[in-house]
Amino acid sequence: MVVCEQCERRCRINEGDAGYCRMYLNRTGTLEQALPNMISALMIQRIEGLPVFHFYPGSRTLSFSTTGCNFDCRYCSTAFISRVDPAEVVMHELSPDMLVNKALLAGCHSISFTTNEPTVSLSYLLKLADAAHQKGLHVGCLTNGYQTPAAAEALAGKMDFMNVSLKGSTDGFYRDYVGVDNISPVLRNLEYYSSHVHLEITTPVITDINDDQIREIAFIINKINRQIPWHVFRLLPEYKMSDREYPDIRDLSEKLEEARAAVDYIYFGNFPGSEWVSTYCPTCRTRLIERVGLGGCGVKPVNFADKNGLCPGCDVNMPLTGNCVDYSSAEIEEEKTCQVKSE
Amino acid sequence: MSGEVGIIDAREWQTAVDMRSGCTLDGIRPQWRQISEVIDKYPYPGDLSEEGNQWVVDVSIEVVRLFNPSLVFLLFANQTFRALFGGIDERTMAAESDRVAECIEKFVFNTGYEPFVIGTGGFCKLKGFMNLMSTDGLALGGGIPGGHIGIFSPSDKDLDTLRSDLRVVRLVSRDEFRSQFGGNDSFYQRFPDYYMELEDGYAARSVYGLPRNPDRSFKLPWEIPVSTHLKGIDNLTDIRPRIEGAINQGRKIAVILVEGWSLENMPLDCEPCNNHESWLRHGLKTQCHSIFTGKSFTECPYPPIFKCYDEDNIYPFSFDYSEPEYDTLGQTAGDLSVAIGNRSIIPHSLFGADITIECFARCVQNFGNMAVIKGRGLELLS
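Protein sequences appear in the order of chains A and B.
Each position in the first sequence, counted from 1, maps to that position plus 42 in my numbering.
Each position in the second sequence, counted from 1, maps to that position plus 351 in my numbering.
Here's what the structure looks like:
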């Protein structure tokens, strides 16, 4: 029997078995990665589409996914890749070096692990980060934040940016809708990531399930650092909750207006035409980055008030890692790094 | 504001955007209310819902009643999403094909328009995937399986490997392609270094390959079925002049594109129409270009496959298409044209209608619906 130390499930895996996520195996008494160097999809997109809004805005990223997840969110919108048997997903071999080469060919500034949970393919992601950094590319991921402290340290040590999904504010929510015992590992890791890597947070909102937790989630973020960008995601539920109504945009907008008292940079997306995807100075309300919401995960920046994020209205810097980048520039012009820091 | 307005309905919430910049406008003007009320009244049921085609009919009947256009375009695409991602069997597919015919009948009965029905081609069982992720160069294609693949910056090893793969039925360099088909410069500026076709039934896994596993693939036909009283339709480029002639005679025409209908399964009386130029068989996009412009597909700015992620300029809601077509059937025939379709982006980008209503779906996720008003539509509603 081996204990998997990648996530806080800490699966005890008997020989011949797999862990909960089915991506870690015990074949011969040691923990092995299932489907090593195998990926399921590649896509070139704006970094804003991940969503990541305060890390080299306007840049181009090559996003990729593997398969599997250590959560079982009842509303999962990517269950076709996250919640199926990994053996059923069509996967193709692509070494980290080859993936980096693809990103360079496509004129990308970064590579992002998206769609399914990176913790289930952690060794690949860490090797990829080394290969990408050698070629001057940034690497980041979207994660549910349920890593063990050791895995979180390894991840933060290699990632240039992360977006952690904070799905609710209570143990009950995580137990009833996510399938894990409690929220505390996620909160612990958020605190850690906030001081070790560029961090943004996403909350998928489901009608009548967690839309009443907006205030509490804002309060959690406020306690960590009110300047962490917070993406509220209008979830279109699938998987076990596909019969749910879509979240009401007006109701959520009102709740988010109240949350501005706690969090400086709130975004509300996953619907076309959203006016909540631009960045405004929290002090004087000058628009710093104008973006258009294209539906799905499409967001396009169309205007930057200042390339380095300096507010022309009050001379205050927005928290920005790197500068604004021309999407088609292929290379990042290193002018400035202004990390989101803990208060 | 540019010459195109989009009205987005994300369910119980609407906004208006400038289609060229993508930026939000100062609200929905009162003169656009007729349109915004239609898209509010008929929420799109979703790509995988079996009611998706009924939505096209319901919206189109309402729009025809409101605007009495000379020309109507309908695009029925529900069967594509259901066939590829809906997990339905052949019997269900056949039954749904019959329901499309009922939808057309209902539209004709309620509006009196003369139908010009085009089946864009059928599906075939998916035989397997071809991994194009691990090429040294960059392969694009395979978003919805079947059709056209582009290879950029391939290595000699890539080319040797692809040439020896029995699933590859054609691998042609840009120069070879141009010498055979000719065409305009912007087409070839975007054209891949190599154009490739796979045997029917095989799907590419490359950049933009969908992570969802499809059950079927498109089958690119050499001929497609056309059902019409108009004579002399041998090629796709014959369609525009024939329809313009009929409109000039005062006839009211509905051009109806049905995905999934081929010569083998079209449930209406039909004649074959060429769906190819030389050895190139058209997919939906090049079909639409040829039908609506009346020109060869190489006169279009867009080749069958290109680096759509490099199109960073304008018209962000049109995704691949940063240069919308203006010299189209929809912009010139009669006094007003409308289009309704349940495949996103293609109706408003390629048909050129004055008023378009289409679903707003991405990767079979349903974000609502969208109306696009331009040209004579904006004049009418000013």
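A virtual CB, placed ideally from N, CA and C, is assigned to each residue, including glycine.
### Query
Going straight from the alpha carbon of D536 of chain B to that of V523 of chain B, what length do you get?
Along the second sequence, one-based indexing puts residue 536 of chain B at 185. Along the second sequence, one-based indexing puts residue 523 of chain B at 172. Taking the straight line from one Cα to the other gives about 18 Å.
### Query
Since C624 of chain B is in the beta strand (DSSP E), which residue starts that stretch and which ends it?
Translated into the one-based positions of the second sequence, residue 624 of chain B becomes position 273. First-last of the beta strand (DSSP E) with C624 of chain B: E622 to N625.
### Task
Determine, using beta-carbon pairs with one atom in the segment 101-116 of chain A and one in the segment 174-194 of chain A, whether at least three such pairs fall under 8 Å.
Of all C-beta pairs linking the segment 101-116 of chain A to the segment 174-194 of chain A, three or more are shorter than 8 Å, placing the two stretches in contact.
### Query
Would a check of beta-carbon distances place S356 of chain B closer than 8 Å to chain A?
Position 5 of the second sequence, counted from the start, is the residue given in the question as residue 356 of chain B. A small fix is needed here, since residue 356 of chain B is Val in this sequence, not Ser. Not one chain A Cβ lies under 8 Å of V356 of chain B.
### Task
Measure the Cβ-Cβ separation of R593 of chain B and G583 of chain B and say whether it is below 8 Å.
Translated into positions along the second sequence, residue 593 of chain B becomes position 242. Translated into positions along the second sequence, residue 583 of chain B becomes position 232. The criterion of a C-beta distance shorter than 8 Å is satisfied by R593 of chain B and G583 of chain B.
### Query
If contact means a Cβ-Cβ distance below 8 Å, which residues of the segment 424-455 of chain B contact chain A?
Cβ contacts with chain A: none found.
#### Entry: Cα-Cα separation, Y66 of chain A to V220 of chain A
Taking the first residue of the first sequence as position 1, residue 66 of chain A is located at position 24. Taking the first residue of the first sequence as position 1, residue 220 of chain A is located at position 178. Going from the Cα of Y66 of chain A to the Cα of V220 of chain A covers about 20 Å.
### Query
Residue ranges of each alpha helix (DSSP H) run of no fewer than 4 residues wholly in the segment 367-403 of chain B, ordered along the chain?
384-392
### Message
Checking 8 Å against the spacing of the C-beta atoms, do N365 of chain A and N345 of chain A come in under that value?
### Response
Along the first sequence, read from residue 1 onward, the residue named residue 365 of chain A stands at position 323. Along the first sequence, read from residue 1 onward, the residue named residue 345 of chain A stands at position 303. For N365 of chain A and N345 of chain A, no; Cβs fall outside 8 Å.
### Query
Mind checking K476 of chain B: buried by the 16 CB within 10 Å criterion, or exposed?
Position 125 of the second sequence, counting from 1, holds the residue named residue 476 of chain B. K476 of chain B comes out exposed.
### Message
Counting C-beta neighbours from all protein chains within 10 Å, is the total for W383 of chain B 16 or more, i.e. buried, or is it exposed?
### Response
Residue numbering aside, residue 383 of chain B sits at position 32 when the second sequence is read from its first letter. By the 10 Å Cβ count, W383 of chain B comes out buried.
### Task
Could you work out which residue in B:S568, B:N586, B:F569 and B:R567 is closest to P576 of chain B when comparing CA atoms only?
What you label residue 576 of chain B is simply residue 225 of the second sequence in a count that begins at 1. P576 of chain B has its Cα closest to that of B:N586, out of B:S568, B:N586, B:F569 and B:R567.
### Query
Residue range of the alpha helix (DSSP H) that V413 of chain A falls in?
Residue numbering for chain A in the displayed model covers 43 to 385; residue 413 of chain A lies beyond these limits and cannot be assessed.
### Message
Along the segment 334-349 of chain A, where does the CB come closer than 7 Å to a CB of chain B? Name the residues.
### Response
Contact annotation: in the segment 334-349 of chain A, residues whose CB is within less than 7 Å of a CB in chain B are V334, L336, G337, G338, K342 and V344.
### Query
Going along the chain, which residues of the segment 554-572 of chain B sit with their C-beta nearer than 8 Å to a C-beta in chain A?
R556, S557, V558, Y559, G560, L561, P562, R563 and N564
### Query
Can you name the residues of chain A whose CB is closer than 8 Å to the CB of G373 of chain B?
Along the second sequence, one-based indexing puts residue 373 of chain B at 22. Here the neighbours are V334, L336, K342 and V344.
### Message
Report the CB separation of L232 of chain A from V274 of chain A in whole angstroms; it is logged as a contact under 8 Å.
### Response
The sequence position of residue 232 of chain A within the first sequence is 190, counting from 1. The sequence position of residue 274 of chain A within the first sequence is 232, counting from 1. Contact doesn't hold; Cβ gap of about 16 Å is too wide.
### Task
Answer with yes or no whether the minimum CB distance from A83 of chain A to chain B is below 8 Å.
Counting from 1 along the first sequence, the entry for residue 83 of chain A is found at position 41. At least one chain B Cβ lies under 8 Å of A83 of chain A.
### Message
8 Å is my cut-off, CB to CB: does P623 of chain B come that close to chain A?
### Response
Along the second sequence, one-based indexing puts residue 623 of chain B at 272. No, P623 of chain B does not count as interfacial toward chain A.
### Task
Go ahead and label V45 of chain A buried or exposed: buried means 16 or more other beta carbons lie within 10 angstroms of its beta carbon, across all protein chains shown.
Mapped onto the first sequence, residue 45 of chain A falls at position 3. In this structure V45 of chain A is exposed. Its beta-carbon is surrounded by fewer than 16 other beta-carbon atoms within 10 angstroms.
### Query
Between the segment 265-285 of chain A and chain B, which residues of the former have a C-beta closer than 9 Å to a C-beta of the latter?
Those would be R276, L278 and E280, in chain order.
#### Entry: contact_flag[the segment 448-458 of chain B, the segment 476-493 of chain B] where n(CB pairs < 8 Å) is 3 or more
no
### Query
Along chain B, which residues have their Cβ under 7 Å away from the Cβ of D290 of chain A?
Sequence index remark: in the first sequence, residue 290 of chain A carries index 248 (1-based). In chain order: E363.
### Query
First and last residue of the beta strand (DSSP E) that includes C183 of chain A?
Here residue 183 of chain A corresponds to residue number 141 of the first sequence, with the count starting at 1. Unbroken beta strand (DSSP E) run through C183 of chain A: H180 to T185.
### Task
Determine which residues share a DSSP beta bridge with V723 of chain B and list them.
The residue you call residue 723 of chain B lines up with position 372 of the second sequence. For V723 of chain B, the pairing in a beta bridge is given by DSSP as B:G357 and B:T707.
### Contact with chain A by Y660 of chain B, beta-carbon distance below 8 Å
Taking the first residue of the second sequence as 1, we reach residue 660 of chain B at position 309. Y660 of chain B counts as touching chain A.
### Query
If contact means a Cβ-Cβ distance below 7 Å, which residues of the segment 313-332 of chain A contact chain B?
Listed in sequence order: F313, P314, G315 and E317.
### Task
Kindly list the residues whose CB is nearer than 6 Å to the CB of G311 of chain A, restricted to its own chain and excluding five residues on each side of it in sequence; keep chain order.
The count along the first sequence starts at 1 and reaches residue 311 of chain A at position 269. The residues are V319 and G335.
#### Entry: For H699 of chain B, the nearest candidate out of B:S485, B:M484 and B:F424 (CA to CA)
Reading the second sequence from its first residue, position 348 is the one you call residue 699 of chain B. Looking at the Cα atoms, B:F424 is the closest of the given residues.
### Message
Less than 8 Å between C-beta atoms, sequence neighbours within five positions excluded: which residues of the same chain meet that for M204 of chain A?
### Response
For the purposes of this step, residue 204 of chain A is identified with residue 162 of the first sequence, where counting begins at 1. Cβ neighbours of M204 of chain A beyond the five flanking positions: G182, C183, L184, T185, L197, A198, Y235, V239, H240, L241 and E242.
### Query
Which term fits Q87 of chain A, buried or exposed, when burial requires 16 or more other beta carbons within 10 angstroms of its beta carbon?
What you label residue 87 of chain A is simply residue 45 of the first sequence in a count that begins at 1. Buried.
### Task
Show which residues of chain A have a CB atom less than 7 Å away from the CB atom of G667 of chain B.
Start at 1 with the first residue of the second sequence, and residue 667 of chain B comes out as number 316. In the sequence on display, residue 667 of chain B carries Pro and not Gly. Those are V334, L336 and K342, listed as they occur along chain A.
### Task
Please list the partners that S107 of chain A has in chain B, where partner means a Cβ-to-Cβ separation under 7 Å.
As a working mapping, residue 107 of chain A is identified with position 65 in the first sequence. Under the 7 Å cutoff, chain B gives P562.
### Query
Quick one: what's C49 of chain A bridged to in DSSP?
Within the first sequence, numbered from 1, the residue matching residue 49 of chain A stands at position 7. A:Q189.
### Query
Which chain B residues sit within Cβ distance under 8 Å of K144 of chain A?
Here residue 144 of chain A refers to the residue found at position 102 of the first sequence. Going along chain B in sequence order, the residues near K144 of chain A (Cβ under 8 Å) are M484, L489 and V558.
### Task
Give the residues of chain B in contact with V132 of chain A, contact being defined as C-beta atoms less than 8 Å apart.
Taking the first residue of the first sequence as position 1, residue 132 of chain A is located at position 90. Chain B residues near V132 of chain A: F480, R556 and N564.
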